[in-house]
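**Student:** Chains R and Y supply the protein sequences, listed in that same order. Here the first sequence is numbered in this note's numbering, starting from 1 and rising by one per residue. Here the second sequence is numbered in this note's numbering, starting from 1001 and rising by one per residue. By construction, the Cβ of each residue, glycine as well, lies at the ideal position given by its N, Cα and C atoms. First the structure, which I've put down as structure tokens, then a few questions once you've had a look.
Protein chains: 2
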Amino acid sequence: MTVPARGAGEGQEAVEILATARALVDPELCAAVDSLPGAMRRVARYHLGWEHADGTPAPGNGGKAIRPALVLTAARALGGERETAVRAAAAVELTHNFTLLHDDVMDRDTTRRHRPTAWTVFGDAAAILTGDALQSLAQRVLAADPHPGAAEAAVRLARCVEELCEGQFMDCSLEGRAPDQVTLDECLAVAEAKTGALLGCACAIGALYAGAGREAADALDGFGRQAGLAFQLIDDVIGIWGDPGCTGKPAGADLTARKKSLPVVAALTSGTRAAGELAELYGGPPGEDEPARTADAVERAGGRDWALAHAADRMSGALGQLAGAVPDPESAGGLLALAEFVTRRTH
Amino acid sequence: MTVPARGAGEGQEAVEILATARALVDPELCAAVDSLPGAMRRVARYHLGWEHADGTPAPGNGGKAIRPALVLTAARALGGERETAVRAAAAVELTHNFTLLHDDVMDRDTTRRHRPTAWTVFGDAAAILTGDALQSLAQRVLAADPHPGAAEAAVRLARCVEELCEGQFMDCSLEGRAPDQVTLDECLAVAEAKTGALLGCACAIGALYAGAGREAADALDGFGRQAGLAFQLIDDVIGIWGDPGCTGKPAGADLTARKKSLPVVAALTSGTRAAGELAELYGGPPGEDEPARTADAVERAGGRDWALAHAADRMSGALGQLAGAVPDPESAGGLLALAEFVTRRTH
């Protein structure tokens, strides 16, 4: 099984949804960030891709805005108006960016969205404090929102942050272990907490803003969570075999950093001969012919095929949850398009 | 002017208020922390003094609970019931502890409340993530509180966190400068943001929980903020001349770390001959006869006297704000007792 190629026009609906979400949410996001005290505003504007390190305007590449698009699209899928959920969508995007700022500090990652990470430019303390302020700002945006779903959304978002932190905590502890001391279940739990939780929360918050009850919100959480896991699996595949010009990260950076990504751990625990080779490679420092040799071992051990098949399983689970909560295919169409877009992307 | 000695019985009212606040807030605080995912719960329970590093129960020394006591006492001063503000008080205390966890990481402080700081025991990532989770938990407690003042309290608390972060940001930038490149106004701004803001916010939230309007909440914010500055000035004095057995920090640690605390900067900018001596001492590495020699230079340059006089000025400003918002002396008595307690303490 390979990453399916995207036909002409395929994904067009998702591209339009993402562009509309960006256009709706960016002014709210901008106003929120500009309400921060000066020092952190500057770091936040840099991190979001709006400014260069010297404070001059940048063309802007703040990511694909998948999470705010999920909030708005979920609200619409359940009969709400996208416009009423714009603040909530901004709060979710602020939360996402807070976790990126902190994760980059902890993981010592030096590149994000094709640019040096904030801590490498402004220092650890600046990145930690700006992350703290963005978390605070996200909750402030919700607390100041008179929408009747705002308080429940704030509770869900806070719980989600706690899950994200737990995921990052587990991830840090896995990074400290030998490659053969990590199970695939542990890695899946990390991926669910670090990626699935916020995508699920975005959908659930959209549902709450459409006036949906707990059951529908939970089902949409399940949809986003499963789709998020599929997304992470594909992202890990791209992290090994993707084009660095598109991913924004150096080729094979995950392998060179010895990250225990899902395809790698699937390969390591496959019981194949290639698994042994991979374990030996991963146990030592990166050699001269890395990451090509390591990537080849992961592939021969079945890590790539497993990840793609497992992503398909999770997508199938996601679609089941979606169909339960939103039986009308036309209403569910936008969420479906987004889920397919993020899990079929080749960039 | 010297630190006023406390007469027998003086401060007794404050001691009782603090004990009552502890008793009311601790169960809420405990339940909130226990709702965190496991890894961060453990770090939080250690940081709060409830457990040893190995997870066994500790006698408990989670600080003096001044902030939750201010919330409850402010609510009562404005005609509310203390009991209705218990969740809000817990949220403020969680917020305080989140900032302590992060500040200790950034400042590389190794001792807090007589114990090794969380990052020295569990690592930087664990301390950062537990701080993140405590911030989230504080907002979750407020978002889940059906009290009509909760949303406005959440907005104020979030803004306060942003101010705290800005204060720490400024503080980090001051630490990087030469001692003669820091003004007293800058140091006072840091102290107001780092200490005054949360004490003020605690009082304002108490007012909101008593059903008070924005004006009364702002006045109580001003009271807490000014009293907080007085508190910080006294704390800085104790940090230099206090008994390490009581402060929980090694003697003169602030001086050895070359911290630009308020008495030190007042001394450095005093234009006295002792200021020159101090600048020379502070410009070099800690010598053998430190911190006694440095403390002596700060005192001869008038740093101690200035701090105590300025603390008295701030207290006077605080009392003016309090009298404006709570004209009845009996109603204002509890807040007055707390403010006097924290600014007259010799421990």
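Which value, in whole angstroms, describes the spacing of the CA atoms of residue 344 of chain R and residue 229 of chain R?
**Tutor:** Cα to Cα, the separation comes out at about 13 Å.
**Student:** Go ahead and label residue 1015 of chain Y buried or exposed: buried means 16 or more other beta carbons lie within 10 angstroms of its beta carbon, across all protein chains shown.
**Tutor:** exposed
**Student:** Got a sec: which bits of the region 1029 to 1043 of chain Y sit with their beta carbon under 7 Å from any beta carbon on chain R, in order along the chain?
**Tutor:** 1036, 1037, 1039, 1040
**Student:** Taking the C-alpha atoms as reference points, what is the distance between residue 1323 of chain Y and residue 1066 of chain Y?
**Tutor:** 20 Å
**Student:** With contact counted as at least three CB pairs below 8 Å, one residue from each stretch, are the region 1205 to 1216 of chain Y and the region 162 to 173 of chain R in contact?
**Tutor:** Touching, no, given that fewer than three Cβ pairs across the two stretches are closer than 8 Å.
**Student:** Mind checking which residues open and close the alpha helix (DSSP H) that includes residue 1183 of chain Y?
**Tutor:** Segment: none, residue 1183 of chain Y is in no alpha helix (DSSP H) and carries neither H nor E.
**Student:** Run through the DSSP bridge pairs and tell me what residue 112 of chain R is partnered with.
**Tutor:** R/115
**Student:** Please give me, in chain order, every unbroken run of the alpha helix (DSSP H) with length at least 4 that falls completely inside the region 69 to 116 of chain R.
**Tutor:** 86 to 107
**Student:** Could you pull the DSSP bridge partners for residue 1057 of chain Y from this structure?
**Tutor:** Y/1051
**Student:** Whose Cβ in chain Y lies nearer than 7 Å to the Cβ of residue 243 of chain R?
**Tutor:** Those within 7 Å of residue 243 of chain R in chain Y number zero; the least Cβ separation is about 31 Å.
**Student:** Give the interface partners of residue 1140 of chain Y over in chain R, defined as CB-CB distance under 7 Å, in chain order.
**Tutor:** 155, 158, 159
**Student:** Which chain Y residues sit within Cβ distance under 9 Å of residue 172 of chain R?
**Tutor:** 1123, 1125, 1126, 1129
**Student:** Which class does residue 994 of chain Y belong to by DSSP, given the choice of helix, strand or coil?
**Tutor:** Any property of residue 994 of chain Y remains undetermined from this structure, which presents chain Y solely from 1001 to 1347.
**Student:** For the alpha helix (DSSP H) containing residue 1033 of chain Y, name the first residue and the last one.
**Tutor:** 1012 to 1034
**Student:** By the 10 Å Cβ neighbour count, where 16 or more other Cβ atoms means buried, how is residue 17 of chain R classified, buried or exposed?
**Tutor:** buried
**Student:** What three-state label does DSSP hand residue 123 of chain R in the structure shown?
**Tutor:** Note: residue 123 of chain R maps to coil in three-state DSSP.
**Student:** Find the nearest neighbour of residue 194 of chain R within the set R/99, R/129, R/89, R/111, judged by alpha-carbon distance.
**Tutor:** R/99
**Student:** Which of the three DSSP states, helix, strand or coil, is assigned to residue 1254 of chain Y?
**Tutor:** helix
**Student:** Look at the alpha carbon of residue 1025 of chain Y and the alpha carbon of residue 1338 of chain Y, and state the distance between them as a whole number of angstroms.
**Tutor:** 17 Å
**Student:** Output yes or no for whether 7 Å exceeds the beta carbon distance between residue 1166 of chain Y and residue 1086 of chain Y.
**Tutor:** no
**Student:** For a quick check, are the C-beta atoms of residue 141 of chain R and residue 90 of chain R less than 7 Å apart?
**Tutor:** yes
**Student:** Is the region 1313 to 1333 of chain Y touching the region 1293 to 1303 of chain Y in the sense that three or more CB pairs, one from each, lie closer than 8 Å?
**Tutor:** no
**Student:** List the residues of chain A whose Cβ lies closer than 8 Å to the Cβ of residue 1137 of chain Y, in chain order.
**Tutor:** Looking at the structure shown, chain A is missing, and the protein chains on hand are R and Y.
**Student:** Residues in the same chain with beta-carbon distance under 6 Å from residue 306 of chain R, minus the five sequence neighbours each way, listed in chain order, please.
**Tutor:** 266
**Student:** Considering only heavy atoms of the ligand HEM, does any lie closer than 6 Å to the CB of residue 1314 of chain Y?
**Tutor:** By its list of ligands, the structure shown contains no ligand whatsoever, and the ligand HEM lies outside what it can speak to.
**Student:** State the Cα-Cα distance for the pair residue 46 of chain R and residue 102 of chain R, rounded to the nearest angstrom.
**Tutor:** Looking at the two C-alpha atoms, the distance is approximately 15 Å.
**Student:** Cα-Cα, which of R/128, R/75, R/139 is closest to residue 331 of chain R?
**Tutor:** R/75
**Student:** Would residue 1002 of chain Y be called buried (16 or more neighbouring beta carbons within 10 Å of its own) or exposed?
**Tutor:** In this prediction, residue 1002 of chain Y scores a pLDDT of 42, lower than 50, which makes its location untrustworthy; no coordinate-derived value is stated.
**Student:** In the structure shown, what three-state DSSP assignment does residue 194 of chain R receive?
**Tutor:** helix
**Student:** With respect to the alpha helix (DSSP H) encompassing residue 303 of chain R, which residues constitute its N-terminal and C-terminal limits?
**Tutor:** 303 to 325
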